[in-house]
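Peer 1: Before anything else, here's the structure in question.
Numbering (this note's numbering), first residue to last: 1 to 361.
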């Protein structure tokens, strides 16, 4: 039989899922162009204008971009001066006393100077080398969520607390350092109990060996990379989506619901939205400008929420990707631990705002 004839007798394959989706998108697009040709253009224009208001006017032209670069440079100088190692020497013995592998505090401590991706890439292998169980690795991810993933968030947050007349020292001690002890202890006694005390024959060193000027200029370059390669794209994506939803009349309801929630738990709504959806650094930059006119409880609650592993794209994107490669956890397990960590951070912000702050003012 002729090969061509034979092939013509073979049954045709059905449409794949992506082909069906593509046809549906094509049909919807053609329908939209027929019924309301200006809608698609209007959505795109709304996305561009909303994203531009943040990317151009805040990051590139405003002071936030410079603040990010300076803060990252400061964080790297402090790291080079041994601050990370000093914090590890304080927290690792406490973890051992609680009968938990001391390595669980490494990502949380490293994250204090603000780099959640590096915290995963560096801490994951440390946890594996320390023979940390999967439960302990989950505790490590959850604990890491309790400290800010950008040092600029911390620095701008300090300015906001000062402008609000809040004594920053107890807020930092209770809101940033205490969770590094309380969260591992709580989780090891409840949800993830496969833990054990382990003696470290050699405590990992986090202090780099870079030369002084390399540290300064390298930190500045890292700050610029953080701004242009992570913060600006993330802000552009989130605010473009918000612009599209706003144009379609959907965003107002979402914003209203989230605003009501944040207001009810003493977190400043505008900065709470920014922390969860876009950038805690942007949230603190906004907060410092309005803090003097706010209830101190709102300022503290917003600062604690921002000083975390948020926004959501970190929880659902970066953490699963990094930790599934650097540790024994799957992407889903890392994500679950990160979600729990975010929930605990929100609860911490509520407690700090409603219970602790009245005692400080």
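Glycine included, C-beta positions come from ideal geometry on N, C-alpha and C.
Find the nearest neighbour of residue 254 within the set 266, 270 and 265, judged by alpha-carbon distance.
Peer 2: Ranking the options by Cα distance to residue 254, first place goes to 270.
Peer 1: Can the beta-carbon of residue 192 be found less than 8 Å from the beta-carbon of residue 138?
Peer 2: Cβ distance < 8 Å, so residue 192 and residue 138 count as in contact.
Peer 1: Helix, strand or coil, according to DSSP, for residue 85 in the structure here?
Peer 2: In this structure, residue 85 counts as helix in the three-state DSSP scheme.
Peer 1: As an exercise, report each continuous beta strand (DSSP E) stretch of at least 3 residues that is fully enclosed by the stretch 97 to 131, in chain order.
Peer 2: For the stretch 97 to 131, not a single whole beta strand (DSSP E) run of length 3 or above is found.
Peer 1: What are the uninterrupted segments assigned as alpha helix (DSSP H) that are 4 or more residues long and contained completely in the stretch 286 to 333, given in chain order?
Peer 2: Runs found: 296 to 306 and 319 to 326.
Peer 1: Given residue 194, which residues of its chain have a CB within under 6 Å of its CB, disregarding the five upstream and five downstream residues?
Peer 2: Excluding positions up to five away in sequence, the list reads 133 and 135.
Peer 1: Excluding sequence positions up to five away, which residues of its chain have a Cβ less than 7 Å from the Cβ of residue 242?
Peer 2: Excluding positions up to five away in sequence, the list reads 50 and 251.
Peer 1: Per DSSP, what kind of secondary structure is residue 150 in: helix, strand or coil?
Peer 2: Note: residue 150 maps to strand in three-state DSSP.
Peer 1: With H, G and I counted as helix, E and B as strand and the rest as coil, what does DSSP make of residue 190?
Peer 2: Of the three classes helix, strand and coil, the one that applies to residue 190 here is coil, per DSSP.
Peer 1: Measure how close the beta-carbons of residue 282 and residue 274 come, nearest whole angstrom, since I'm counting them as under 8 Å.
Peer 2: Confirmed, Cβ separation roughly 5 Å.
Peer 1: Tell me whether residue 334 is buried or exposed, calling it buried when 16 or more other Cβ atoms sit within 10 Å of its Cβ.
Peer 2: By the 10 Å Cβ count, residue 334 comes out buried.
Peer 1: Among the candidates 113, 52 and 354, whose CA atom is the shortest distance from the CA of residue 154?
Peer 2: Taking only the C-alpha atoms, the option nearest residue 154 is 113.
Peer 1: Please report whether the beta-carbon of residue 106 lies at a distance below 8 Å from any beta-carbon of chain C.
Peer 2: Reference to chain C is not applicable here, since this structure consists of a single protein chain.
Peer 1: Around the Cβ of residue 180, are there at least 16 other Cβ atoms within 10 angstroms (buried) or fewer (exposed)?
Peer 2: It counts as buried.
Peer 1: Give the DSSP-derived three-state secondary structure of residue 250 in the structure shown.
Peer 2: Correct three-state label for residue 250: coil.
Peer 1: What are the boundary residues of the alpha helix (DSSP H) that includes residue 217?
Peer 2: Unbroken alpha helix (DSSP H) run through residue 217: 212 to 226.
Peer 1: Note down the Cα distance separating residue 118 from residue 64, rounded to an integer number of angstroms.
Peer 2: Their Cα atoms are separated by approximately 22 Å.
Peer 1: Let me know if residue 249 comes out buried or exposed under the rule of 16 or more other beta-carbons within 10 Å of its beta-carbon.
Peer 2: With fewer than 16 other Cβ atoms within 10 Å, it is exposed.
Peer 1: Roughly how many angstroms separate the alpha carbons of residue 111 and residue 17, rounded to a whole number?
Peer 2: Computed Cα separation, rounded: 41 Å.
Peer 1: The alpha helix (DSSP H) spanning residue 170 covers which residue range?
Peer 2: Taken as a continuous stretch (DSSP letters only), the alpha helix (DSSP H) holding residue 170 covers 168 to 172.
Peer 1: Just checking my contact of residue 287 with residue 302 at CB under 8 Å: how many whole Å lie between their CB atoms?
Peer 2: Correct: roughly 5 Å between the Cβ atoms.
Peer 1: What separation, rounded to the nearest whole angstrom, lies between the Cα atoms of residue 156 and residue 175?
Peer 2: Approximately 16 Å, taken between the alpha carbons.
Peer 1: Within the same chain, show all residues whose beta-carbon is closer than 7 Å to that of residue 323, passing over the 5 residues directly before and after it, in chain order.
Peer 2: 120, 124, 141, 329 and 334, listed in sequence order.
Peer 1: Could you tell me the distance, in whole angstroms, from the CA atom of residue 196 to the CA atom of residue 218?
Peer 2: Taking the straight line from one Cα to the other gives about 38 Å.
Peer 1: On the three-state DSSP scale, how would you describe residue 267?
Peer 2: Three-state DSSP puts residue 267 in coil, outside helix and strand.
Peer 1: Taking three-plus beta-carbon pairs below 8 Å as touching, is the stretch 96 to 108 in contact with the stretch 142 to 151?
Peer 2: Verdict: yes, contact present.
Peer 1: Going by C-alpha distance, which of 122, 151, 278 and 341 is nearest residue 366?
Peer 2: Residue 366 lies beyond the residue range present for the chain, which begins at 1 and ends at 361; the question has no answer from this structure.
Peer 1: If you follow the alpha helix (DSSP H) that residue 143 is in, where does it begin and where does it stop?
Peer 2: Its alpha helix (DSSP H) spans residues 134 to 144.
Peer 1: Taking the alpha carbon of residue 92 as the reference point, which residue from 102, 341 and 190 has its own alpha carbon closest?
Peer 2: Closest option to residue 92, Cα to Cα, is 102.
Peer 1: Taking 6 Å as the limit between beta carbons, can you name the residues of its chain near residue 354, skipping five residues before and five after?
Peer 2: The answer, listed in chain order, is 266.
Peer 1: Return the first residue and the last residue of the alpha helix (DSSP H) that residue 360 is part of.
Peer 2: Looking at the DSSP string, the run of the alpha helix (DSSP H) that includes residue 360 is 357 to 360.
Peer 1: At the level of alpha carbons, what is the spacing between residue 97 and residue 205?
Peer 2: Approximately 21 Å between the Cα atoms of the pair.
Peer 1: Hey, would you say residue 215 sits closer than 8 Å to residue 80, going by beta carbons?
Peer 2: Their beta carbons are under 8 Å apart, which means residue 215 touches residue 80 by this criterion.
Peer 1: Which one of 332, 178, 296 and 304 has the shortest CA to CA distance from residue 360?
Peer 2: It is 296.
Peer 1: Check residue 16 in the structure and name its three-state DSSP category.
Peer 2: Residue 16 falls in the coil class under three-state DSSP.
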